[in-house]
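Asks: Chains as they are written, first to last, in this note's numbering: chain S, 522 to 957; chain W, 522 to 957.
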């Protein structure tokens, strides 16, 4: 842990405790009350739309003065249309089915001694994001829908927008059963660093931003982090691939949205299919504006730039693709093991044996057959919302929907049952499964 | 992170990579092969029983020379009977149903594009335990049953016993489809510290030992840790409790095995029931050899030792109990929120409203009604085995069986499907659930 992380100030501790208290009350509310709170938030955002857009305008003007990069300005911008879309998103989250109170296990341990495991909110989530002010609305909606409090920290550039949005959300909550205290917004860099030290008050940190931001947070907190630093996704074109299909999948995986974490960074090609696949792939990628960097074998087919060792470890997030020829499937698996980030990796093949081997042996959150890596996404998976994509090994892994914001609790109901009756042999466990 | 944690030596990195490689191969084996490997391990342990008991005898002699504490000697001791019990345990783990390859989700995203989520092994677990050499057998069995490799580090006192056990286990694996390389034993303190830095090679660390050991590990690794530092469990005797039943439950919760993490440390008593409950409770606990420490109100009923603020935060792990009177259920909830460790907390009451409020509002891994806190245990819950008990908020929480050693992976099978067809509106997702 970096020594530069400050301890939380008494004021921050007091505020975090207030969020936690409000979240505890929120966790006791039923589905309808939480749903209604989201609609009240959406109503208030609509009522405050002009004020929010005006605050965003001020942020944009300050950004122009500061010479903010155009990509950041685009993310910062929140006009009436974008705001309306975000408000519709809040109402969509309201309509998702309740993730709380689901019984996951139900066992009669003995007569009159019944165990159940039910889903419950996590508690309080800390969310750190760069520029995008619309993240405030999305995260607040997801957190409250699932019964959690949220401590938010946006980028400095978006401070006026975030504050205006938070004001509206809290005004909305006044017209609901949820205390406005369940949401808090941190404004200083000192506070956002100290957030990393709020173990016991914050149960999960969700970073939304650059790989560097995520890695910094992972390295500087004991609180679990939902996210991923790298998305180095591979597509392996097997000897038995359909070349036209493989090219279509490869092109989509690279170019459909190259800045996304689920875009392909390295194309692995079986040397037996290279003569039929690669020349056309080189032309197609060139036409799409993709810069190719090949290993020596791939360069013999016409790639002009040679890949270095660094290329296999790089998430370009851009129209750049490294290409490597492999002698067989096992060599492709070994390359992915060595350089992959366990995010999403795909194979194109018509050989069921090769397909099964790849799907069983690649230990990534997503392993795909004959389809684009770009499908790795909570909405596309049908989760209705996405909290983030996790590349850690333990669950939740891959695209995470509302289930990433809930945990579970065991409830055991007895009638004077004591453990010594079982250790003495006087009574015996039944462990009889009951319907969920 | 403490600056005293050494970086892994090249030799340790090489060994950990060997475990990981062997674990990857193991993860591809089917249920029968993993089951058979456990029986081969059990066979080898039986064949090597004399050698193992002799090695343990040497450890015991060294412990006597070093003046090891009697409690540690008791845990270190592995005689023929204890060994036979541990071998039977290995065969029981073999008989548990397969935690791998379970389909948890199955969705047709679109015609010909099918998503599934299946359980897979974690990879490699690191296990650090004190004294007890039988932990080697149990953990090796659990890890291999669930398709994982294991890097083990036992206490220095048990080094000869652990080495003899590991030799036997690896000899057993020679007669199986599993490489003996899936198990490795660390022997030096330097190595066990460096284990904490094997991110990327080790997926989960399981500490088995004192609270101080667990806390040290949690504070000094980025690898997820399955365990709990504190077990401060409460029993609240409500105004509407059956006094005789409450006393029976309280006595079992405290005395059935006071060293366990799920033993009660604090008894909260509603002041309305104190006159009928507490005098008899004081006598009963005294007769059982339990030292009581009361708040001023409890002391008025005859408890002679006054509890200090520290008592409410202390896991005695001994025949000591702190007792506090509370004016109502809400005060009990507030005490548990403030001082509890979110392990297991219980209420005794005949009032269904109070019961429901307690079970909904206490955010601990286990919340119990009218039964002993000592039921918080993987075997008692019917999991067949226990990897550990977790008091972190995120799953896995509470007693964790084999499911704590598995994760999941998404598999997506298509036929040339690309994301741009959906973003262009040419195709639409079905998100049609399929049978599991």
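Ideal placement from N, C-alpha and C gives every residue a C-beta, glycine not left out.
1) Excluding the 5 residues preceding and the 5 following residue 949 of chain W in the sequence, name in chain order all residues of the same chain whose CB lies nearer than 8 Å to its CB.
2) Kindly indicate if chain W contains any beta-carbon less than 8 Å away from that of residue 764 of chain S.
3) Roughly how many angstroms lie between the CA atoms of residue 809 of chain W and residue 730 of chain W, to the nearest whole one?
4) Does the CB of residue 732 of chain S have a neighbour CB from chain W at under 8 Å?
5) My output table needs one value for residue 670 of chain S: the three-state DSSP class, helix, strand or coil.
6) With distances taken Cα to Cα, identify the nearest neighbour of residue 608 of chain W among W:690, W:923 and W:639.
7) Along the chain, where does the beta strand (DSSP E) that runs through residue 909 of chain S open and close?
8) How is residue 598 of chain S classed by DSSP in three states: helix, strand or coil?
9) On the DSSP letters alone, give me the boundaries of the beta strand (DSSP E) that residue 726 of chain W sits inside.
10) Could you spell out the range, first to last residue, of the alpha helix (DSSP H) harbouring residue 959 of chain W?
11) Using a beta-carbon distance below 8 Å, is residue 939 of chain W in contact with chain S?
12) On the DSSP bridge list, what partners appear for residue 720 of chain W?
13) Thinking C-beta only, is residue 725 of chain W closer than 8 Å to residue 643 of chain W?
14) For residue 928 of chain S, would you say it is in contact with chain W, using Cβ-to-Cβ distances shorter than 8 Å as the test?
15) To the nearest angstrom, how far is the alpha carbon of residue 577 of chain W from that of residue 868 of chain W?
16) Give the DSSP-derived three-state secondary structure of residue 896 of chain W in the structure shown.
17) Within 8 Å (strictly less), CB to CB, does residue 724 of chain W reach chain S?
18) Spell out whether any CB of chain S is found under 8 Å from the CB atom of residue 891 of chain W.
19) If you draw a straight line from the C-alpha of residue 640 of chain W to the C-alpha of residue 931 of chain W, how long is it?
20) For residue 938 of chain S, does the count of other Cβ atoms within 10 angstroms reach 16, so buried, or fall short, so exposed?
21) Using a C-beta to C-beta distance shorter than 8 Å, which residues of chain W count as neighbours of residue 936 of chain S?
22) Could you tell me whether the Cβ of residue 914 of chain W comes closer than 8 Å to any Cβ of chain S?
23) Can you confirm whether residue 737 of chain W, when its beta carbon is compared against all beta carbons of chain S, has any partner nearer than 8 Å?
24) Could you tell me the boundaries of the beta strand (DSSP E) in which residue 785 of chain S lies?
25) Whole angstroms is fine: what's the gap from residue 682 of chain S's alpha carbon to residue 573 of chain S's?
26) Can you tell me whether residue 695 of chain W is buried or exposed? The criterion is at least 16 other CB atoms within 10 Å of its CB, across all chains shown.
27) If contact is defined by three or more beta carbon pairs under 8 Å, each pair taking one atom from either stretch, is the stretch 586 to 599 of chain S in contact with the stretch 878 to 896 of chain S?
28) Assign residue 920 of chain S to one of three DSSP states: helix, strand, or coil.
29) For a contact defined as C-beta to C-beta under 8 Å, what are the partners of residue 708 of chain S on chain W?
30) Please specify which runs of the alpha helix (DSSP H), each continuous and at least 4 residues long, are wholly inside the stretch 859 to 885 of chain S, giving them in chain order.
31) For the alpha helix (DSSP H) containing residue 798 of chain W, list its first residue and its last residue.
32) Does DSSP put residue 705 of chain W in a helix, in a strand, or in coil?
33) Would you report the Cα separation of residue 533 of chain W and residue 733 of chain S, rounded to the nearest angstrom?
34) List, in order along the chain, the chain W residues whose C-beta lies closer than 8 Å to that of residue 643 of chain S?
35) Would you call the stretch 850 to 870 of chain S and the stretch 781 to 800 of chain S in contact, with 3 or more CB pairs under 8 Å?
36) For the alpha helix (DSSP H) that residue 737 of chain S lies in, which residues bound it at each end?
Replies: So, to answer that:
1) The count along the second chain starts at 1 and reaches residue 949 of chain W at position 428. Cβ within range, chain order: 631 and 943.
2) As a first step, residue 764 of chain S must be located in the first chain, where it is residue number 243. Residue 764 of chain S does not count as touching chain W.
3) Walking along the second chain from the start, residue 809 of chain W turns up at place 288. Walking along the second chain from the start, residue 730 of chain W turns up at place 209. Answer to the nearest angstrom: the Cα atoms are 27 Å apart.
4) In the first chain, the residue the question calls residue 732 of chain S occupies position 211. No, residue 732 of chain S does not count as interfacial toward chain W.
5) One-based indexing of the first chain puts residue 670 of chain S at position 149. Residue 670 of chain S: strand per DSSP, three-state reduction.
6) Looking up residue 608 of chain W in the second chain gives position 87. Among W:690, W:923 and W:639, the Cα nearest to that of residue 608 of chain W belongs to W:690.
7) By one-based count along the first chain, residue 909 of chain S stands at place 388. Taken as a continuous stretch (DSSP letters only), the beta strand (DSSP E) holding residue 909 of chain S covers 909 to 911.
8) As a first step, residue 598 of chain S is located in the first chain; it is residue number 77 there, counting from the start. Reduced to three states, the DSSP call for residue 598 of chain S is coil.
9) Translated into positions along the second chain, residue 726 of chain W becomes position 205. Start and end: 725 to 729.
10) Here chain W covers residues 522 to 957 and nothing more, so residue 959 of chain W does not appear.
11) On the second chain, position 418 is the one that residue 939 of chain W refers to. Chain S, which has a Cβ nearer than 8 Å to the Cβ of residue 939 of chain W, makes this yes.
12) Locating residue 720 of chain W in the second chain gives position 199, counting from the first residue. DSSP lists W:723 as partners of residue 720 of chain W.
13) Numbered from its first residue, the second chain carries residue 643 of chain W at position 122. Numbered from its first residue, the second chain carries residue 725 of chain W at position 204. Yes, Cβ-Cβ distance for residue 643 of chain W and residue 725 of chain W is below 8 Å.
14) If you number the first chain from 1, residue 928 of chain S lands on position 407. Interface residue, yes.
15) Your numbering for residue 577 of chain W matches position 56 in the second chain. Your numbering for residue 868 of chain W matches position 347 in the second chain. Each residue's alpha carbon lies about 44 Å from the other.
16) As a working mapping, residue 896 of chain W is identified with position 375 in the second chain. Three-state DSSP puts residue 896 of chain W in a helix.
17) Your numbering for residue 724 of chain W matches position 203 in the second chain. At least one C-beta of chain S is nearer than 8 Å to the C-beta of residue 724 of chain W.
18) Here residue 891 of chain W refers to the residue found at position 370 of the second chain. Closer than 8 Å: yes.
19) Your numbering for residue 640 of chain W matches position 119 in the second chain. Your numbering for residue 931 of chain W matches position 410 in the second chain. Spanning the two alpha carbons is a distance of roughly 9 Å.
20) By one-based count along the first chain, residue 938 of chain S stands at place 417. Flag for residue 938 of chain S reads buried.
21) The residue you call residue 936 of chain S lines up with position 415 of the first chain. Result: 766, 891 and 892.
22) The residue you call residue 914 of chain W lines up with position 393 of the second chain. Contact of residue 914 of chain W with chain S is assigned, a C-beta pair being separated by under 8 Å.
23) The count along the second chain starts at 1 and reaches residue 737 of chain W at position 216. No, because no Cβ of chain S sits closer than 8 Å to the Cβ of residue 737 of chain W.
24) What you label residue 785 of chain S is simply residue 264 of the first chain in a count that begins at 1. It spans 785 to 791 - the beta strand (DSSP E) in which residue 785 of chain S sits, taken as one unbroken run.
25) Counted from its first residue, the first chain places residue 682 of chain S at position 161. Counted from its first residue, the first chain places residue 573 of chain S at position 52. In a straight line, the C-alpha of residue 682 of chain S is about 6 Å away from that of residue 573 of chain S.
26) Along the second chain, read from residue 1 onward, the residue named residue 695 of chain W stands at position 174. It counts as exposed.
27) These segments do not touch.
28) Stepping through the first chain from its first residue, residue 920 of chain S is reached at position 399. DSSP places residue 920 of chain S in strand when its eight states are reduced to three.
29) Indexing the first chain from 1 puts residue 708 of chain S at position 187. None at all; the shortest Cβ gap to chain W is about 27 Å.
30) 873 to 882
31) Counting from 1 along the second chain, the entry for residue 798 of chain W is found at position 277. 795 to 808 is the extent of the alpha helix (DSSP H) around residue 798 of chain W.
32) As a working mapping, residue 705 of chain W is identified with position 184 in the second chain. Correct three-state label for residue 705 of chain W: strand.
33) Here residue 533 of chain W is taken as the residue at index 12 of the second chain, counted from 1. Here residue 733 of chain S is taken as the residue at index 212 of the first chain, counted from 1. Rounded to the nearest angstrom, the two C-alpha atoms are 29 Å apart.
34) The residue labelled residue 643 of chain S in the question sits at position 122 within the first chain. Neighbours of residue 643 of chain S on chain W, chain order: 914 and 915.
35) yes
36) Start at 1 with the first residue of the first chain, and residue 737 of chain S comes out as number 216. That run of the alpha helix (DSSP H) goes 732 to 740.
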